[in-house]
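Protein chains in written order, with this note's numbering: chain P, 72 to 336; chain X, 21 to 348. Here a beta-carbon is modelled for each residue, glycine too, at the ideal position from N, C-alpha and C. Report on one structure; see the data block that follows.
Here it is as structure tokens:
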């Protein structure tokens, strides 16, 4: 086998390990998928009537359902990567990582396994959420290509945030820290156009909301699914995703290679 | 590397490592010939684990040269990783997988191939008496079972050189014996083994050679017998029925030290049968009956305390302990 074949083989083995972990630790998997669904119900049935009235149409709750689905798809991403961070930290604080490091395996395959496993988890969780949204009355004007573009945008953004979560998991000194730091992403999501239009926010907050990554991604997905105007949000969404992915990847690899090198046991 | 056997074993020369200002390893040199067991013996904080972590490519040394089975640790770490197996102090197993899945994971990462991998897994489960527990999650495993699985995972790729960092710490006596048996069989099969231990009897039981590490320096090295012979202290203890007999005996043997309370006479002796016979003949001729006797040959405890004792005694005398010694 060539080096590339070994790398692919090792990454596949690590991915299989990661998927097995998700099945063996179902409480976390179910929780990560379940939280966005609970919040979807909460936003539509509790807040939806009032928030929908603010959208200026006469459909209220159902208009808000259409508005908020992209926000909850992003919440699904934010929720799932918390699991990534925890799983990575669990690996790094356990003894098995030292075993991997003393074996002649593709160096980054441990991380690649986590990234691919989380990506699959995110896609499954988003599919479940979209299914539930349709059940509640979500209606999309999108054709197959628009759906594909929307899923592609979300997957790319998820990929970037997953690498970020891997880096956070590596940087964390304990599993508890690893589960807490990604919380900041929830806050960023609420301070974006995910749940309410940025135009309704006070000055200052509005500018912040408009120039952070969640807003262009939410607006792009919303535009693709419901026909709302996208403008240059699509380019911003892709640029943010690639930028975060590259920086987080480099950070993660650096942490991974350096980790424990300086710590006496 | 002049000798062929050393080239296939472990050769380390002048390995130094410090954390901040604290020197953890101070020019440590050791050689493990192919197919032999070297025990790195030392108290906590001596630097044993650091040495193993450096040799197994986990952390870099500050200086020194090291070759494992002919591969340079610094310039060819992947070459080293391909031939070694490491069982660390903390169990390196995947708790969310079953025993069989853990072994299969290793087989996949060693690129054994589907059929050969499955065969090797079954073989190791059998060898390590884990076949019944193969399908169970590790959370149900006992400490001894986890250690056995840990070592089995190390052996999946048939490594030629194995590092065992305190392999029996925390095991019950029976699991410990089982582990010793496994380690001996590995050496018999030609595997080179470096093990660290703080148990003297373990080093005595297993090792072909022992290197005593203390405060980052090798303070003694040799076969168990060589180390023991360097330490004086062999003697025979004669127990008497009453103090009158003890008194007569101590007059007969002026070199001996009497203990009036225990009615024991401690006679220096080298432990040979001839010297023992001479001693007993002498007592017999003087008609001094001996109730019973015990022969004490110097053991590794004596060696250990003799070569590592200095700073412990310094500590007892109120001198400060060395600063920042990492736990091994």
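Taking Cβ-Cβ distances shorter than 8 Å, what residues in chain X pair up with residue 84/P?
125, 128 and 129
Can you tell me the Cα-Cα spacing of residue 126/P and residue 134/P, whole angstroms?
8 Å
Hey, is the segment 31–46 of chain X in contact with the segment 82–89 of chain X, meaning 3+ C-beta pairs nearer than 8 Å?
yes
C-alpha gap between residue 161/P and residue 92/P, whole angstroms
11 Å
Answer with yes or no whether the minimum CB distance from residue 101/X to chain P is below 8 Å.
Among the residues facing chain P, residue 101/X is included, as its CB has a counterpart in that chain under 8 Å away.
Would you say residue 206/P and residue 112/X are within 8 Å of each other, going by their C-beta atoms?
With a cutoff of 8 Å on beta-carbon distance, residue 206/P and residue 112/X are scored as not near each other.
Out of 275/X, 281/X and 132/X, point me to the one whose CA is closest to residue 262/X's CA.
281/X
Pick from 269/X, 149/X and 222/X: whose alpha carbon is nearest that of residue 307/X?
Of 269/X, 149/X and 222/X, the smallest CA-CA separation from residue 307/X is found for 269/X.
How many Å lie between residue 159/P and residue 29/X at the Cα?
35 Å
At the level of alpha carbons, what is the spacing between residue 82/P and residue 128/X?
When rounded, the distance between both Cα atoms is 11 Å.
Opening and closing residue of the alpha helix (DSSP H) in which residue 71/X lies
68–75
Find the residues of chain P that neighbour residue 77/X, judging by a C-beta separation of less than 9 Å, and give them in chain order.
172 and 173
Distance, Cα to Cα, residue 57/X vs residue 223/X?
Rounded to whole angstroms, residue 57/X to residue 223/X spans 9 Å at the Cα level.
Since residue 110/X meets chain P, which of its residues come closer than 7 Å, beta carbon to beta carbon?
166
May I ask whether a heavy atom of the ligand PLP can be found less than 7 Å away from the beta carbon of residue 75/P?
The model on display carries no ligand, and the ligand PLP is accordingly not part of it.
Would you verify that the beta carbon of residue 315/P is, or is not, closer than 8 Å to some beta carbon of chain X?
Taking 8 Å as the CB threshold, residue 315/P stays off the interface with chain X.
Relative to the C-alpha of residue 94/P, which residue among 117/X, 90/X, 133/X and 138/X is closest?
Nearest of 117/X, 90/X, 133/X and 138/X to residue 94/P, Cα basis: 117/X.
If you scan the segment 212–280 of chain P from start to end, which runs of the alpha helix (DSSP H) of 4 or more residues do you find wholly inside it?
215–242, 246–251 and 254–261
Have a look at residue 215/P and residue 296/P and give me their C-alpha separation to the nearest angstrom.
10 Å
For a contact defined as C-beta to C-beta under 7 Å, what are the partners of residue 98/X on chain P?
175
In this structure, how does DSSP classify residue 327/P when only helix, strand and coil are distinguished?
helix
Touch test, the segment 229–236 of chain P against the segment 183–192 of chain P, Cβ-Cβ under 8 Å, three pairs minimum
yes
C-beta atoms of residue 111/P and residue 193/P nearer than 8 Å
no
Report the neighbours of residue 91/P on chain X: residues whose CB is nearer than 8 Å to its CB, in chain order.
Near residue 91/P (Cβ distances below 8 Å), the residues of chain X are 116, 117 and 121.
Are any of the Cβ atoms in chain X nearer than 8 Å to that of residue 329/P?
no
Less than 8 Å between the CB atoms is what I'm expecting for residue 71/X and residue 100/X, so what's the real figure, rounded?
Not quite, the Cβ-Cβ distance comes to about 15 Å (not below 8 Å), so this is no contact.
Residue 174/P, enclosing beta strand (DSSP E) - first and last residue
Segment: none, residue 174/P is in no beta strand (DSSP E) and carries neither H nor E.
Find the nearest neighbour of residue 214/X within the set 248/X, 249/X and 232/X, judged by alpha-carbon distance.
232/X
For chain P, check one thing: does any of its Cβ atoms lie closer than 8 Å to the Cβ of residue 104/X?
yes
To the nearest angstrom, report how far apart residue 50/X and residue 229/P are at their CA atoms.
50 Å
Are the beta-carbon atoms of residue 216/X and residue 185/X separated by less than 8 Å?
Contact flag set, yes.
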